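A.B. asks: My questions all concern the structure below.
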Amino acid sequence: MSFQNTSFKWRTLIALLLIANAVMMDWNWIWGLLFLYWLVLDLIYQETHLVERVTRDENPVLYWVIIFTWFFLSLFSFFGR
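Numbering (the working numbering), first residue to last: 110 to 190.
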């Protein structure tokens with residue numbers, strides 16, 4: 110691992126470490142943060158990814174179902190227990 114490598118994905122590595130820690134510590138709020146992060150990015154770029162790419166223009170109903178799913182999963186992760 111070279112620190113000079115500009116293509117190294119620091120955010121992805123941090124997210125993986127947080128996910129591993131969340132699983133070990135039973136921290137559901139981490140999942141809430143991830144779902145909110147995905148929700149915001151999906152709204153900005155008007156596309157989401159579940160099993161495949163879904164755009165708001167091509168599949169608006171499915172796009173919004175996934176967006177609301179991220180939102181409700183985030184709420185459940187924060188307040189569900």
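Glycine included, every Cβ here is placed at the ideal spot set by N, Cα and C.
Quick caveat: nothing in here was measured; it's all calculated off a predicted structure.
List the whole-angstrom C-beta distance separating Ile175 from Val160, where the pair is believed to meet the contact cut-off of C-beta under 8 angstroms.
C.D. replies: Walking along the sequence shown from the start, residue 175 turns up at place 66. Walking along the sequence shown from the start, residue 160 turns up at place 51. Not a contact, Cβ separation roughly 10 angstroms.
A.B. asks: Assuming Ser186 and Trp138 make a contact with CB atoms under 8 angstroms, what is their CB distance in whole Å?
C.D. replies: On the sequence shown, residue 186 is found 77 positions in, with the first residue counted as 1. On the sequence shown, residue 138 is found 29 positions in, with the first residue counted as 1. That belief holds up - the Cβ atoms of Ser186 and Trp138 are roughly 6 angstroms apart, short of 8 angstroms.
A.B. asks: According to DSSP, what are the bridge partners of Thr157?
C.D. replies: Numbered from its first residue, the sequence shown carries residue 157 at position 48. In the DSSP assignment, Thr157 is bridged to Val163.
A.B. asks: Since I believe Leu148 is in contact with Trp173 (beta carbons under 8 angstroms), could you give me their beta-carbon distance rounded to a whole number of angstroms?
C.D. replies: Here the question's residue 173 lines up with position 64 in the sequence shown. Here the question's residue 148 lines up with position 39 in the sequence shown. That pair is no contact at about 12 angstroms.
A.B. asks: In three-state terms, what does DSSP make of Asp151?
C.D. replies: Start at 1 with the first residue of the sequence shown, and residue 151 comes out as number 42. The DSSP-derived three-state label of Asp151 is helix.
A.B. asks: Helix, strand or coil for Asn130, going by three-state DSSP, please let me know.
C.D. replies: For the purposes of this step, residue 130 is taken as residue 21 along the sequence shown, with counting starting at 1. Looking at Asn130 - three-state DSSP - the assignment turns out to be helix.
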